[in-house]
Each structure stands twice: as structure tokens, then as C-alpha cells.
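This report concerns only the one structure given below.
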Amino acid sequence: MESWYTPLPARLPVQPDRLKLYDTASQSVRHPGNLAEASLYVCGITPYDATHLGHANTYVTFDLLNRYWRACGLPVTYVQNVTDVDDPLLERATATGVDWRDLAAEQTELFRSDMEALNVLAPDHYVGATETVDWVVGSVEALVANGTAYAVPGTDTEPDGDIYFSIGATEAATHWTLGSVGRLSAEEMVTVFPERGGDPDRPGKRHPLDPLLWRVARPGEPSWDGRSLGTGRPGWHIECSAIARRLLPAPFTVQGGGSDLRFPHHEFSAAHATAGDGLPLAQAFVHAGMVGLDGEKMSKSLGNLVLVSRLRSQGVEPVAIRTTLLSNHYRDDWDWTQEQLTRSMDRVARWRHALDVQEPGDGTAVLAAAHRALSHDLDAPAALAEIDRWAEQAVARAERGPDGTSGTQPADVDPASPDVRAAVNGLLGLAL
Ligand code: ZN
Numbered sequence: 377m378e379s380w381y382t383p384l385p386a387r388l389p390v391q392p393d394r395l396k397l398y399d400t401a402s403q404s405v406r407h408p409g410n411l412a413e414a415s416l417y418v419c420g421i422t423p424y425d426a427t428h429l430g431h432a433n434t435y436v437t438f439d440l441l442n443r444y445w446r447a448c449g450l451p452v453t454y455v456q457n458v459t460d461v462d463d464p465l466l467e468r469a470t471a472t473g474v475d476w477r478d479l480a481a482e483q484t485e486l487f488r489s490d491m492e493a494l495n496v497l498a499p500d501h502y503v504g505a506t507e508t509v510d511w512v513v514g515s516v517e518a519l520v521a522n523g524t525a526y527a528v529p530g531t532d533t534e535p536d537g538d539i540y541f542s543i544g545a546t547e548a549a550t551h552w553t554l555g556s557v558g559r560l561s562a563e564e565m566v567t568v569f570p571e572r573g574g575d576p577d578r579p580g581k582r583h584p585l586d587p588l589l590w591r592v593a594r595p596g597e598p599s600w601d602g603r604s605l606g607t608g609r610p611g612w613h614i615e616c617s618a619i620a621r622r623l624l625p626a627p628f629t630v631q632g633g634g635s636d637l638r639f640p641h642h643e644f645s646a647a648h649a650t651a652g653d654g655l656p657l658a659q660a661f662v663h664a665g666m667v668g669l670d671g672e673k674m675s676k677s678l679g680n681l682v683l684v685s686r687l688r689s690q691g692v693e694p695v696a697i698r699t700t701l702l703s704n705h706y707r708d709d710w711d712w713t714q715e716q717l718t719r720s721m722d723r724v725a726r727w728r729h730a731l732d733v734q735e736p737g738d739g740t741a742v743l744a745a746a747h748r749a750l751s752h753d754l755d756a757p758a759a760l761a762e763i764d765r766w767a768e769q770a771v772a773r774a775e776r777g778p779d780g781t782s783g784t785q786p787a788d789v790d791p792a793s794p795d796v797r798a799a800v801n802g803l804l805g806l807a808l
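Take any residue in the sequence shown, count from 1 to its spot, add 376: that is its number in the working numbering.
Given below as C-alpha cells:
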């Protein structure tokens, strides 16, 4: 599937890789590994709704990680999927009387334009579920063959042959255990499973939390040739698992997504991969917090979505939106407010003023300080504070005049060093 286009930032002087990230699976802050290269998989959208600030927060978070690694001189392979066939998309298409393919295409296009506006670097592979059904079929067939997947008999309302993943068989055959990736308690898993697409009451399942791998064709639903599985369509978790195994090393460096993906999505994507080849899916599982509005989680059902596209059409500069997102630590849950946005607009204006009045500036020190801040679990608020500090000093120096009274000499500018604007854009994606 076509990706979007965000210009790659200018090459920056290579920074040391001292990255420590909070890994949900090990519940520790640690270096995610893979010193020679980095690989990243971030779960993409189900394109039935426009990009809201919760999505934007997730993709900007992992864009920061991508930029951090690039600043360390590491080659990065970044994969993102689009779940362009799934129940919520089909339900929305039916409810609004549009073809599901048209709805998916239209919403994916809007997402791309939001990502470009927010200066999020495009993934190397942007792949739709509908483009990778063959990969999923191969993965599910392998799980059936090794006994970690099974067919469920039909009922009065459901046809024969849906394929489910066996939690029990996988726990017996591998090091994976239920809850070891998403780290939710047994009670939490039982509560959220049905809220996030699970079907605990489906008759014939071995374990109520066993997730769907392959849904055989129903009248009126899109379906594909599933070879030995019969015609049907993929479950959600196996989609990411199959794509990651096809395009990234096993294990790859970081699996990313919003914290609502900890369970069941990342738990089972990881379990499916491990059931197939015995290896962990990723070296670290990293989760961005939820963005709320007025004390409630932003969601379509509550009708309180703040859309990136709507803010843009109201004339809000994308760099101010990005600054607001980066003003909050990625792991925190926080509320979007107009006050935060206004503060960010003022902040961007102060930075621009400093760039206008500064003496010819060497961005090496700002780059190093902001990069150091990001090394501590992507502490973007601390990195922005470094830009504030630089801006304050640049303005103060300019106000003292060219001869200055402080006795300090303007530093010699190395022609090979980045200017501040390039450093801030390259590392933090803030195009000032
Ligand atoms: Zn995923």
C-alpha cells in the first residue's frame, strides 16, 4: 500500500545510543537491544474513523523513537500495517451505506495527510491486511499443523470451521504464558477481552480467551481463498504477527502501540509468533498512554474525539499540535485542553523569535542535550525544556548586542555542524 511522504531530515552528527525504554513485558526500563540496527513495528489504524489525538500521540511517540535511532546513525526498518478489513470497519460501512473498500481508502488517505502534516516519518513498509492475506493463511496453517490452533464446530448461527488459537497448547509448548506480554491481571484480561473484539462465549472454544485466527466466509462479508482453511478472512492479531515475521527480524527491536493494545492485541500477536517458531516477537513492547478530553478517554462512542484534520481545518498549525503532544511524557495518560494548545502556540512563537534574532547558531549543543533527554525513556518534555533554555539564552545574547557585556565571545561556528532549526527538526520533528 502506498505510504505517505515526509521529507527525511538532514543528516545530524552521530549521537551515542544510550536509549533506555520502559518495556511492558519485562516491566523494566532497559536498553532494547540490537546495537547494529533497529527494527520497529507499530500497529496501524483500522480506517473507519479520522485520526484523533490519541492516534496522533501514538504515531508521534514512535516517530520520536525512529528519529532517536537515526540520530544514533542506526539503520532503522519501520513497518506499520492498516487493518483495512475487520468487524468495526464493515459495521461502519454497513451503517453508513458505503462500500467498505471506499470507506477504508478514504480514511487511510486522511490518515496519511494527517501524518504528513504532523511531520511523522513514513514507514519503510506500509501494508494493508487485504494485501497480506496469503501470509496470514500460511501462518495459521502452520499453527494448525503444530497443534496450537484448532477449528471450532458450527452452531445454529455460526458456520463450521472458524480457527482459534489455543492458549493452553501454546503455554505447554513454548515459554509464552498468558499475560506475560501485556501484563494485565487475569481479572483485567477477562474484563477487556469482550470490549476489544473478543468472543469469550463462543461455544466450542477450549479457553474463553482463545482468540480468532481465521473467520470462515459468511454471506455478505468479504472473503479470500484460505487454501486448507477454506475461504474467509484473517483475525486481527495474526495479521500483525504474520506481517512482522515476514518483513522484520525475529525478534525485532520494538513493538509499539497505544496502551489499549497491551491486551489482547499485543499479547496474542506475540503468542502467535512464538507458537510458530519458538522465538519472542520483539525485544521490547512499548506503549503510549491514552489522551482524554475533560477527564474521559477519547472515543467514538463517547462522541468526544478531537480530530487532527478538524484542528488543521480550523487553522491550528500542526507544529503546535506536535509540540502539545511532546509536552506530555509518552507513557502518561493526559487530557487535551485548549490551554495546553495555546501554551504550545506561545512556545513555538518564542522559539521562532529566538531563531530570528540569534547570532549564527551552532545546534550541536542543543542537539546533544535534547538527545540525552530522550535517552531516558524518550523524555520529550525534558527535550523541549532544553530548547526553551537555548531560546532564552539566544534572546538574552541578542539583547546584549553584538559586542555583549557579559565578556563571552560568540562560539566559532563549525560549518559542518547543524543549525538549531535542523537539529530540532531532525530529532524532534518540530519544523519551526
Ligand atoms: Zn498490531
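A virtual CB, placed ideally from N, CA and C, is assigned to each residue, including glycine. All values reported here derive from a predicted model rather than from experimental measurement.
Less than 8 angstroms separates the beta-carbon of Gly608 from that of Trp590. CA-to-CA, the gap between Val733 and Ala658 works out to about 46 angstroms. Uninterrupted beta strand (DSSP E) stretches at least 3 residues long and entirely within the region 408 to 489 occur at 414 to 418 and 452 to 458, given in chain order.
Check the Cα spacing between Ala744 and each of Trp552, Glu378 and Arg394: the tightest is with Arg394. Minimum Cα-Cα distance from Ala774 among the listed residues Ala626, Arg797, Ser515 and Gly737 corresponds to Gly737.
Contact annotation, Val695 with Leu429: C-beta distance approximately 15 angstroms; criterion of less than 8 angstroms not satisfied.
Fully contained in the region 641 to 703 are the following alpha helix (DSSP H) runs of length 4 or more, in chain order: 643 to 653, 684 to 689 and 694 to 702.
DSSP places Pro570 within a helical segment (H, G or I) once states are collapsed to three. Secondary structure of Gln631 (DSSP, three-state): strand.
DSSP lists Val528 as the beta-bridge partner residues of Asp538. In the three-state DSSP reduction, Ser604 falls in the helix class (H, G or I). According to DSSP, residue pairing for His752 in a beta bridge involves Lys396. In the structure shown, Arg591 falls within a strand segment according to DSSP collapsed to helix, strand and coil. CA-to-CA, the gap between Thr629 and Leu450 works out to about 12 angstroms.
Excluding sequence positions up to five before and after Gly611, its CB lies within less than 7 angstroms of the CB of Pro587, Leu588, Leu589, Trp590 and Arg591, all in the same chain and listed in chain order. By the Cβ criterion, the region 399 to 407 is not in contact with the region 708 to 724, since fewer than three pairs of Cβ atoms, one from each stretch, lie closer than 8 angstroms. In the structure shown, the three-state DSSP call for Arg773 is helix. When the alpha-carbon of Ser599 is set against those of Arg477, Ala746 and Arg488, the nearest one is in Arg477. For Val405, the enclosing beta strand (DSSP E) stretches over residues Ser404 to Arg406.
Looking at the backbone, the Cα of Asn522 and that of His642 are separated by about 21 angstroms.
For His501, the distance from the CB to the nearest heavy atom of ligand 1 is not below 7 angstroms. Selection Val557, Ser489, Asp636 and Arg603 evaluated against Gly514 yields Arg603 as nearest (Cα-Cα). Taking all protein chains in view, the Cβ of Lys581 is crowded by 16 or more other Cβ atoms within 10 Å, so the residue is classified as buried. Within the same chain, and ignoring the five residues on either side of Thr550 in sequence, the residues whose Cβ sits closer than 7 angstroms to its Cβ are Thr650, Ala651 and Gly654. Checking the DSSP bridge columns, you'll see Pro610 partnered with Trp590. Rounded to whole angstroms, His747 and Gly691 show a C-alpha spacing of 31 angstroms. Excluding its 5 nearest sequence neighbours in each direction, Gly530 has C-beta neighbours in its own chain below 6 angstroms: Asp536, listed in chain order. Ranking Leu560, Gly671, Val418 and Asp510 by CA distance to the CA of Ser402 puts Leu560 first. Under the 8 angstroms Cβ criterion, the region 703 to 710 does not count as touching the region 450 to 463, having fewer than three qualifying pairs. Assigned with DSSP and collapsed to three states, Val496 falls in coil, not helix or strand. In terms of side-chain proximity, the C-beta atom of Asn457 is found nearer than 7 angstroms to a non-hydrogen atom of ligand 1.
Taking all protein chains shown into account, Ser689 has fewer than 16 neighbouring C-beta atoms within 10 Å of its C-beta and is therefore exposed. Remark: C-beta atoms of Tyr417 and Ala498 do not approach each other more closely than 8 angstroms.
What you get when you keep residues with a C-beta closer than 5 angstroms to any heavy atom of ligand 1 is Cys419 and Cys616. Sorting Ile421, Glu517 and Tyr424 by C-alpha distance to the C-alpha of His648 places Glu517 at the top. With respect to the C-alpha of Arg621, the residue from Thr484, Pro640, Gly633 and Ser645 having the closest C-alpha is Ser645.
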